[in-house]
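Take a look at the structure set out below.
Numbering (my numbering), first residue to last: 109 to 426.
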């Protein structure tokens with residue numbers, strides 16, 4: 109997984125630290141056109157990425173390369189399926205789903221193992237395909253971690269006294285809307301456009317470093333990239349509609365809801381904040397993103413405020 113999306117909680121880095129493409133005329137996919145009696149729920153995820161993965165010594169500055177680190181995790185055994193039988197005639201087993209991308213969070217959590225050397229921890233996850241009349245099939249996937257030498261996936265440069273490391277700040281914002289109606293019990297949409305089909309609903313983004321505003325970045329709506337979804341920056345409406353889809357990849361959500369018209373990967377839509385670059389000296393710093401995801405006829409506006417605390421020092425701290 110080259111990129112992934114923000115934790116609403118605090119993440120200590122070592123550093124001591126979302127239907128064929130929607131257009132204005134595609135009312136069939138617009139949740140604001142839901143008929144009376146339908147229920148909707150919306151959640152927001154912000155994937156807040158502060159690349160303060162530095163260890164600074166008197167002689168060398170080390171930086172963790174999470175893209176290089178991804179190569180040390182490989183897909184392993186797949187077991188199953190475990191079949192849940194429903195009613196009626198036996199249904200044929202569907203094709204096994206493709207593995208998910210390697211999770212960015214798993215890579216980041218083990219950066220100190222990469223730094224110090226050792227065995228990377230693997231992990232497992234499940235994927236389910238639903239049939240009709242209660243039938244479903246569930247596979248378990250295994251990801252294996254390699255045994256790595258010290259400083260694997262860490263780059264190094266000669267430390268220059270008085271020169272603080274450059275820290276890129278990126279964010280990806282997505283909103284998952286679920287519509288439940290008689291026709292579609294669970295219809296997913298990641299659209300971030302207002303009811304006019306043109307206006308970007310992600311607005312007023314600001315970045316603060318140690319309480320001081322340093323930027324008011326713009327953002328661009330993108331589509332077609334798979335990303336991990338888990339509500340972490342606010343929700344509204346009937347939030348229980350989101351529950352079965354929490355902790356899933358966007359492509360999986362679109363293909364496992366009750367509406368087949370949104371299965372094209374281009375319907376995985378999110379907003380990418382323009383990158384902000386700052387410098388951080390040795391010590392602990394608070395990085396905050398604020399903004400708003402404005403509502404439409406089917407949902408209320410959701411304010412966004414996410415903070416990461418990062419510490420840059422001479423040792424690797426998870």
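All residues carry an ideal CB built from backbone N, CA and C; glycine is no exception.
Exercise. Looking at the structure shown, is residue 129 part of a helix, part of a strand, or coil, going by DSSP?
Worked result: Taking the first residue of the chain shown as 1, we reach residue 129 at position 21. Since pLDDT at residue 129 reaches only 27, below the 50 mark, its modelled position is unreliable, and no value is offered.
Exercise. Looking at C-beta atoms only, is the number of pairs between the region 240 to 254 and the region 290 to 304 that lie closer than 8 Å three or more?
Worked result: The region 240 to 254 vs the region 290 to 304: no contact.
Exercise. Does the separation of the CB atoms of residue 97 and residue 150 fall below 7 Å?
Worked result: Nothing about residue 97 can be read from this structure; the chain reaches only from 109 to 426.
For this session: May I ask you to report which of helix, strand or coil DSSP gives residue 138?
Result: Here residue 138 corresponds to residue number 30 of the chain shown, with the count starting at 1. For residue 138, the predicted structure reports a pLDDT of 44, less than 50, and the residue's modelled location is therefore unreliable. A value from the coordinates is still provided. Looking at residue 138 - three-state DSSP - the assignment turns out to be coil, as it is neither helix nor strand.
Problem set entry | Runs of beta strand (DSSP E) wholly within the region 328 to 353 (minimum 3 residues, chain order) | For the region 328 to 353, the continuous beta strand (DSSP E) assignments of 3+ residues that do not extend past its boundaries occur at 343 to 345, in sequence order.
For this session: My understanding is that residue 256 touches residue 160, with C-beta atoms under 8 Å, so please give their C-beta distance in whole angstroms.
Result: For this step, residue 256 is matched to residue 148 along the chain shown. For this step, residue 160 is matched to residue 52 along the chain shown. A Cβ-Cβ distance of about 22 Å is found for the pair residue 256 and residue 160, leaving them out of contact under the 8 Å criterion.
For this session: Could you name the residues of the same chain whose beta carbon sits closer than 8 Å to that of residue 377, not counting the 5 residues immediately before and after it, in chain order?
Result: As a working mapping, residue 377 is identified with position 269 in the chain shown. Take residue 377, set aside five residues on each side of it, and the residues of its chain with a beta-carbon closer than 8 Å to its own are 126, 130, 282, 298, 299, 300, 329, 330, 331, in chain order.
For this session: Could you give the DSSP three-state label for residue 368: helix, strand or coil?
Result: For the purposes of this step, residue 368 is taken as the residue at position 260 of the chain shown. Of the three classes helix, strand and coil, the one that applies to residue 368 here is helix, per DSSP.
Exercise. Where do the N-terminal and C-terminal ends of the beta strand (DSSP E) with residue 321 fall, by residue?
Worked result: For this step, residue 321 is matched to residue 213 along the chain shown. Residue 321 -> beta strand (DSSP E) spans 320 to 323.
Exercise. What span of residues does the alpha helix (DSSP H) with residue 87 cover, start to end?
Worked result: An answer regarding residue 87 cannot be provided, because it is not within the stretch 109 to 426 covered by the chain.
For this session: Would you kindly report the start and end of the unbroken alpha helix (DSSP H) that includes residue 177?
Result: Counting from 1 along the chain shown, the entry for residue 177 is found at position 69. Run containing residue 177: 174 to 177, per the alpha helix (DSSP H) assignment.
For this session: Please report how far the alpha carbon of residue 409 lies from the alpha carbon of residue 337, in whole angstroms.
Result: Here residue 409 refers to the residue found at position 301 of the chain shown. Here residue 337 refers to the residue found at position 229 of the chain shown. Approximately 19 Å between the Cα atoms of the pair.
For this session: Rank 146, 145, 155, 147 by C-alpha distance to the C-alpha of residue 341 and give the top, closest one.
Result: Reading the chain shown from its first residue, position 233 is the one you call residue 341. 155 is the residue among 146, 145, 155, 147 whose C-alpha sits nearest the C-alpha of residue 341.
Problem set entry | Buried versus exposed call for residue 143 [16 or more other C-beta atoms within 10 Å across all chains shown] | Looking up residue 143 in the chain shown gives position 35. Here the model assigns residue 143 a pLDDT of 49, short of 50, so the residue's position is not dependable, and the following value carries that caveat. By the 16-neighbour rule on beta-carbons within 10 angstroms, residue 143 is exposed.
For this session: Answer with buried or exposed for residue 428, where buried requires no fewer than 16 other C-beta atoms within 10 angstroms of its C-beta.
Result: The requested residue 428 is not part of the displayed model; the chain covers only 109 to 426.
Exercise. Who are the near neighbours of residue 184 in its chain, counting only those whose CB is closer than 6 Å to its CB and skipping five residues on each side?
Worked result: Working through the chain shown from its first residue, we reach residue 184 at position 76. Cβ within range, chain order: 250, 252.
Exercise. Among 326, 147, 187, 316, which residue has its Cα nearest to the Cα of residue 427?
Worked result: Any answer about residue 427 is impossible in this case: the structure gives the chain only from 109 up to 426.
Problem set entry | Contacting residues, own chain, Cβ-Cβ under 6 Å from residue 109 (five flanking each side not counted) | Residue mapping note: residue 109 aligns to position 1 of the chain shown, counting from 1. For residue 109, the pLDDT reaches just 38, beneath the cut-off of 50, and the residue's location in the model is therefore unreliable, although a value from the coordinates is still provided. Contacts found: 209, 210, 212.
For this session: Using 10 angstroms around the beta-carbon of residue 234, count the other beta-carbons present and answer buried if the total reaches 16, otherwise exposed.
Result: Translated into positions along the chain shown, residue 234 becomes position 126. The residue in question, residue 234, is exposed, as its Cβ has fewer than 16 Cβ neighbours within 10 Å.
For this session: For residue 133, collect the residues of the same chain with a Cβ closer than 6 Å to its Cβ; drop the 5 residues on either side in sequence, then sort them by chain order.
Result: Residue 133 sits at position 25 when you count from the first residue of the chain shown. Only weak support exists for where residue 133 lies, its pLDDT of 26 falling under 50; the value from the coordinates is given anyway. Cβ contact annotation for residue 133 (same chain, cutoff 6 Å, sequence separation greater than five): none.
For this session: Could you work out which residue in 401, 277, 264, 214 is closest to residue 344 when comparing CA atoms only?
Result: Within the chain shown, the letter at position 236 stands for residue 344. The alpha carbon of residue 344 has as its nearest neighbour, out of 401, 277, 264, 214, the alpha carbon of 401.
Exercise. Counting Cβ pairs, one atom from each stretch, are 3 or more of them under 8 Å apart for the region 192 to 205 and the region 215 to 223?
Worked result: No, the region 192 to 205 does not touch the region 215 to 223.
Exercise. Tell me the DSSP bridge mates of residue 408?
Worked result: Position 300 of the chain shown, counted from the start, is the residue given in the question as residue 408. DSSP, once it has assigned bridges, lists no residue as partnering residue 408.
Exercise. Do the region 162 to 170 and the region 349 to 365 meet, that is, are 3 or more Cβ pairs less than 8 Å apart?
Worked result: The region 162 to 170 is not in contact with the region 349 to 365.
Exercise. Contact between the region 382 to 394 and the region 354 to 372: three or more CB pairs below 8 Å?
Worked result: Touching, no, given that fewer than three Cβ pairs across the two stretches are closer than 8 Å.
Problem set entry | residue 396 (DSSP reduced to helix, strand or coil) | Counting from 1 along the chain shown, the entry for residue 396 is found at position 288. When secondary structure is reduced to three states using DSSP, residue 396 falls in the strand class.
Exercise. Excluding the five sequence neighbours on either side, which residues of its own chain have a C-beta within less than 7 Å of the C-beta of residue 61, listed in chain order?
Worked result: Here the chain has residues from 109 to 426 only, and residue 61 is not among them.
Exercise. Can residue 173 and residue 263 be called in contact, C-beta distance under 7 Å?
Worked result: Position 65 of the chain shown holds residue 173. Position 155 of the chain shown holds residue 263. Residue 263 is positioned such that its CB atom lies closer than 7 Å to that of residue 173.
Exercise. Across which residues does DSSP place residue 248 in a beta bridge pair?
Worked result: Sequence index remark: in the chain shown, residue 248 carries index 140 (1-based). In the DSSP assignment, the residues bridged to residue 248 are 187, 234.
For this session: Could you check which residue in 152, 315, 148 has the C-alpha nearest to that of residue 339?
Result: For the purposes of this step, residue 339 is taken as residue 231 along the chain shown, with counting starting at 1. Cα-wise, what sits closest to residue 339 is 152.
Problem set entry | Neighbourhood of residue 314 by C-beta, 6 Å cutoff - its chain only, sequence neighbours within 5 removed | The residue you call residue 314 lines up with position 206 of the chain shown. Excluding residues within five positions, the ones whose Cβ falls inside 6 Å are 321, 324, 398.
For this session: Express the C-alpha separation of residue 424 and residue 230 in angstroms, rounding to a whole number.
Result: Here residue 230 refers to the residue found at position 122 of the chain shown. Here residue 424 refers to the residue found at position 316 of the chain shown. Between the alpha carbons of residue 230 and residue 424 lies a distance of about 21 Å.
Exercise. To which residues does DSSP link residue 156 through a beta bridge?
Worked result: Within the chain shown, the letter at position 48 stands for residue 156. The partner list for residue 156 (beta bridge, DSSP) reads 279.
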